[in-house]
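Colleague: Mind having a look at this structure? Questions to follow.
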DNA sequence: TTGTAGGCGTTATCAT
DNA sequence: ATGATAACGCCTACAA
């Protein structure tokens with residue numbers, strides 16, 4: 001029962017050699033004699049020996065782990081946008097023999113754990129998603145010399161960390177232009193609370209296009225959740241605003257919009273056209289399927305991971321602030337193809 | 001730059017005392033002299049000292065962390081069912097000063113990390129979700145004396161670990177009975193691949209009710225994803241099977257069913273009634289909203305966490321195999337209220 | 001090729 | 001109340 005984990009020392013003793021030789025047999029087999037190596041390997045197999053990870057890390061090894069810091073929301077513990085990012089990066093990182101781990105960076109107790117991990121060397125690099133960073137976190141990352149990259153936001157307060165994001169402005173312009181092309185006359189924008197640059201850039205795209213077309217603007221603010229979209233529509237109706245186009249700052253919100261329109265008997269796309277932002281996987285499965293602006297999440301986070309690896313290996317990243325292009329994805333929540 | 005993390009030793013030296021006193025001031029302040037304590041506390045604040053987590057763990061401390069082992073799917077890196085479970089348990093555990101961490105237990109590289117964590121003492125207990133366990137994992141858990149609880153499946157191979165699940169059979173009976181009550185004459189069941197007991201229990205509920213009502217059965221198998229549901233419907237259509245009721249083994253699949261019915265011009269619930277299983281949050285947001293069988297995920301995983309804590313603190317859990325009741329949740333994918 | 005000493009940062013134990 | 005020592009399990013650096 002108390003099988004008390006085998007240690008290097010035990011194996012060494014059993015074989016009548018020093019533990020260093022065993023350690024070497026594992027990490028630098030080429031520096032060990034032929035016979036000894038075989039002897040050791042046999043013993044390793046028999047005992048099913050596995051070096052203790054934290055002992056290694058405490059002794060100075062890299063953890064070969066990249067942490068992803070995420071902010072859960074009401075609908076999902078890992079919102080789809082982040083999930084896609086993590087997937088993309090994980091796949092790429094594993095080819096370099098790196099693991100990934102997802103942390104809730106917002107809930108108090110989880111953040112404590114996260115900080116412990118960071119200043120224990122359990123994390124070699126961090127991908128910090130917009131919304132998940134705060135002062136403590138960034139400082140801890142900094143004093144522990146853990147490379148960090150921000151994904152989704154171009155601006156991370158006072159800390160000069162590399163960023164990867166999409167061209168929110170032009171993406172937004174594409175989306176609203178498309179609504180105009182669909183013949184919408186009264187286009188509403190649903191944006192998020194707070195002052196996030198990404199939100200403001202998307203909003204600017206909206207206002208610019210509307211100005212250019214001489215249309216009256218209407219902006220409402222909500223949470224970045226499905227329910228947020230539902231409430232956005234309710235608010236518009238309550239305020240007696242009429243509209244035939246809605247540009248949402250996220251797909252989650254657009255989903256809620258679709259849902260509430262259906263509830264209120266508003267036909268999409270016949271009465272109202274709806275555009276989202278992100279292109280998360282479920283866009284295909286809303287009813288109707290959701291037209292949106294695609295951020296290449298896999299590529300973005302793969303790029304972020306790449307920067308991290310570069311920094312970890314001592315090189316300067318080629319481009320500290322990379323901005324990806326967006327793509328308009330047309331499905332059935334908008335009228336014209 | 002190289003701010004080389006402060007250590008106990010450094011603080012001690014600066015204060016001209018031994019590091020043990022500093023350590024005690026942190027962990028057992030009552031065993032330290034008044035003046036010394038104040039002196040130390042002041043220094044701790046000034047240096048922003050934080051004990052290194054892994055050093056503590058290596059020295060024998062508990063990590064106060066519970067790991068959740070999850071199997072991602074195509075749609076979500078953390079499928080909603082697990083997400084809800086984790087949320088529920090996390091909230092409860094934090095009141096006991098425990099943290100939670102989510103691991104991908106299926107991807108090869110991630111599993112390696114997971115195993116490292118387990119045999120490093122980085123995890124005090126494990127909640128293993130159905131589908132995420134395999135031989136290696138369970139054995140590692142076992143040889144490392146890490147308490148584990150399975151959620152979602154009653155049976156975990158040869159390992160005698162406690163389980164928490166729902167009464168799949170009666171839940172399924174409720175669901176299919178309801179479809180009958182709605183007047184469905186040709187009820188189809190979509191189940192999952194493999195031989196999972198939970199799937200089979202749900203299937204048995206279906207076959208029993210259909211037999212009792214003298215109805216002909218039709219079962220198709222798919223993946224547990226949205227796309228799986230889509231394909232289920234396609235298959236039925238391809239086989240030229242007519243149906244007016246569908247009981248799905250999960251909400252994700254039901255969602256796909258809803259979507260594909262819409263695509264094919266099949267009206268839900270007028271032409272076909274659809275029932276899911278799980279009651280994940282997005283059930284409210286499908287079109288139409290999804291009738292389903294609710295598993296109390298928060299409560300289940302809270303209970304699982306409770307067992308873990310009991311075992312960790314040396315007590316025997318009261319009930320090693322707990323089964324929760326289900327509840328029928330009626331929304332708009334079925335006809336009668 | 002192999003072994004010895006020391007350190008990574010903490011805590012428990014046993015003295016003082 | 002405080003300190004010295006050893007231990008956790010591994011690795012680097014140096015010596016043999």
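Protein chains in written order, with my numbering: chain A, 1 to 337; chain B, 1 to 337. Heads up, the beta-carbon is just placed ideally off N, CA and C, and yes, glycines get one too.
Mapping DSSP to helix, strand and coil, what is residue 153/A?
Modeller: It is coil, neither helix nor strand.
Colleague: Taking its Cβ as the centre, do 16 or more other Cβ atoms sit within 10 Å of residue 43/B, making it buried, or is it exposed?
Modeller: That one is buried.
Colleague: In the stretch 33–82 of chain B, which residue ranges form an unbroken beta strand (DSSP E) of at least 3 residues, counting only runs that do not cross its ends?
Modeller: Listed in chain order, they are 65–70.
Colleague: Residue 16/B CB to nearest chain A CB: under 8 Å?
Modeller: Not one chain A Cβ lies under 8 Å of residue 16/B.
Colleague: Nearest CA to the CA of residue 365/B: which residue from 247/B, 242/B, 286/B and 39/B?
Modeller: This structure does not reach residue 365/B, given that chain B is present from 1 up to 337, and the question cannot be answered.
Colleague: Report the rounded CA-to-CA distance for residue 311/B versus residue 317/B, giving the unit in angstroms.
Modeller: Cα-Cα distance, rounded: 6 Å.
Colleague: Rounding to the nearest angstrom, what Cα-Cα distance links residue 1/A and residue 109/A in this structure?
Modeller: Any reading at residue 1/A must be qualified, since the residue scores a pLDDT of 33, below 50, and its modelled position is unreliable; the value itself is stated next. If I take the Cα positions, the gap works out to 33 Å.
Colleague: Looking at C-alpha atoms only, which residue of 274/B, 325/B and 282/B is the closest neighbour of residue 336/B?
Modeller: Residue 274/B is the option with its Cα nearest to residue 336/B.
Colleague: Evaluate residue 97/B with the Cβ neighbour count: other Cβ atoms within 10 Å of its Cβ, from every protein chain shown; 16 or more gives buried, anything less gives exposed.
Modeller: So residue 97/B counts as exposed.
Colleague: According to the Cβ coordinates, are residue 124/A and residue 62/A closer than 8 Å?
Modeller: Yes. Within cutoff.
Colleague: Report all residues from its chain with a CB closer than 6 Å to the CB of residue 327/A; omit the five preceding and five following residues, and keep chain order.
Modeller: If we look at residue 327/A and ignore the five residues flanking it on each side, its Cβ neighbours are 294.
Colleague: Just checking: is the beta-carbon of residue 120/B within a distance shorter than 8 Å of some beta-carbon in chain A?
Modeller: It does; some Cβ of chain A falls within 8 Å.
Colleague: Relative to the C-alpha of residue 302/A, which residue among 68/A, 285/A and 219/A is closest?
Modeller: When only C-alpha atoms are compared, the closest one is 68/A.
Colleague: Measuring alpha carbon to alpha carbon, tell me which residue in 225/B, 111/B, 203/B and 6/B is nearest residue 94/A.
Modeller: Nearest C-alpha to residue 94/A: 111/B.
Colleague: Note down the Cα distance separating residue 155/A from residue 291/A, rounded to an integer number of angstroms.
Modeller: Their backbone Cα atoms lie some 28 Å apart in a straight line.
Colleague: Can you give me, in chain order, the residues of the stretch 244–272 of chain B that have a beta carbon less than 8 Å from any beta carbon in chain A?
Modeller: Flagged, chain order: 255, 256, 258, 259 and 262.
Colleague: Could you give the DSSP three-state label for residue 144/A: helix, strand or coil?
Modeller: It is coil, neither helix nor strand.
Colleague: Does residue 175/A come out as helix, strand or coil in the three-state DSSP assignment?
Modeller: The answer is helix: DSSP assigns residue 175/A an H, G or I state.
Colleague: From 217/A, 174/A and 50/A, pick the residue whose C-alpha is nearest to that of residue 10/A; which is it?
Modeller: The option with the nearest alpha carbon to residue 10/A is 50/A.
Colleague: Output yes if chain B places a C-beta closer than 8 Å to the C-beta of residue 390/A; else output no.
Modeller: The shown model of chain A, from 1 to 337, leaves out residue 390/A, and the question about it has no answer.
Colleague: On the three-pair Cβ rule with 8 Å, is the stretch 168–188 of chain A touching the stretch 197–208 of chain A?
Modeller: Judged by Cβ distances under 8 Å, the stretch 168–188 of chain A makes contact with the stretch 197–208 of chain A, as three or more pairs qualify.
Colleague: Verify the CB distance criterion: does residue 147/A have a CB-CB separation below 8 Å to chain B?
Modeller: No, residue 147/A lies away from the interface with chain B (no Cβ there is under 8 Å from its Cβ).
Colleague: Is it right to say residue 33/A is buried, meaning 16 or more other beta carbons lie within 10 angstroms of its own, or is it exposed?
Modeller: Exposed: under 16 other Cβ atoms inside 10 Å.
Colleague: Does the distance from the CB of residue 127/A to the CB of residue 12/A come in under 8 Å?
Modeller: Their beta carbons are not under 8 Å apart, which means residue 127/A does not touch residue 12/A by this criterion.
Colleague: Which of the three DSSP states, helix, strand or coil, is assigned to residue 323/A?
Modeller: Residue 323/A: strand per DSSP, three-state reduction.
Colleague: Would residue 138/B and residue 65/B be called neighbours here (beta carbons separated by less than 8 Å)?
Modeller: Going by C-beta atoms, residue 138/B is not nearer than 8 Å to residue 65/B.
Colleague: How far does the alpha helix (DSSP H) with residue 23/A in it extend, from its first residue to its last?
Modeller: Residue 23/A -> alpha helix (DSSP H) spans 19–27.
Colleague: Quick one: which chain A residues come within Cβ less than 9 Å of residue 78/B?
Modeller: The answer, in chain order, is 76, 77, 78, 83 and 102.
Colleague: For the structure I just gave you, are there three or more beta carbon pairs, one from the stretch 82–91 of chain B and one from the stretch 143–159 of chain A, closer than 8 Å?
Modeller: Segments in contact, no.
Colleague: Just reading off the alpha helix (DSSP H) that residue 262/B is part of, what are its end residues?
Modeller: Per DSSP, residue 262/B belongs to the alpha helix (DSSP H) from 251–263.
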